[in-house]
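Student: The working numbering puts the first residue of the sequence shown at 1045, with every later residue one more than the last.
Positions of the beta carbon are idealized from the N, C-alpha and C atoms, including for glycine.
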Amino acid sequence: MKSLSSFLITSAVIAASTTASAALIAGEIVLVGFQASGSPSDSFSFASLVNVDAGTVLYFTDNGFTTGTGFRGVSSTDNDGNEGLVKYTVGANALAAGQVVSSLSTNAANGAWTLTGLIYSTGTGHDFFNWTIGS
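Now the structure itself:
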């Protein structure tokens, strides 16, 4: 019984440490709001469904995506394809599961935004993507 308890405790510690540093997977970051009449640009909010470590980088774009060629109009000299590209770096406070973050947030402890172009919507049928690059 003692060895079973030790095994379970050890397994739990390993699982917890693995989960804490695991890369995000599809569906763990969700768009929860989009304000399409902003000036000079629109704004959006996202939430994390899992805890996200400080320093994690998330990207958002309103650029269209084509299978086989990737994001439309992207080249070695134009990384946003004439659309908005937003980089969000999670701050020292990290993100707790369920926490909502606005693209208008300026609290550096929560995260930092880097913009290339503006995110905006012309009305209907506009694309909006989010991704991260795993380690």
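So for residue 1081, helix, strand or coil by DSSP?
Tutor: What you label residue 1081 is simply residue 37 of the sequence shown in a count that begins at 1. Residue state, collapsed to three classes: coil.
Student: Which residue marks the beginning of the beta strand (DSSP E) containing residue 1096, and which one marks its end?
Tutor: Counting from 1 along the sequence shown, the entry for residue 1096 is found at position 52. Looking at the DSSP string, residue 1096 is not in any beta strand (DSSP E), and its letter there is neither H nor E.
Student: Specify, as a first and last residue, the run of the beta strand (DSSP E) that residue 1129 falls within.
Tutor: Taking the first residue of the sequence shown as position 1, residue 1129 is located at position 85. Counting along the chain, the beta strand (DSSP E) containing residue 1129 begins and ends at 1129–1134.
Student: Please confirm whether residue 1155 has its beta-carbon closer than 8 Å to some beta-carbon of chain C.
Tutor: The structure shown contains no chain C, having only a single protein chain.
Student: Which first and last residues belong to the beta strand (DSSP E) in which residue 1102 is found?
Tutor: Along the sequence shown, one-based indexing puts residue 1102 at 58. First-last of the beta strand (DSSP E) with residue 1102: 1101–1105.
Student: Counting pairs of Cβ atoms below 8 Å between the region 1148–1159 and the region 1103–1111, do you hit three or more?
Tutor: Touching, no, given that fewer than three Cβ pairs across the two stretches are closer than 8 Å.
Student: Name the DSSP bridge partner or partners of residue 1067?
Tutor: Translated into the one-based positions of the sequence shown, residue 1067 becomes position 23. Paired residue(s): none; residue 1067 is not in a bridge.
Student: Considering only C-alpha positions, which residue in the set 1098, 1130, 1137 and 1113 is nearest to residue 1067?
Tutor: Stepping through the sequence shown from its first residue, residue 1067 is reached at position 23. Cα-wise, what sits closest to residue 1067 is 1098.
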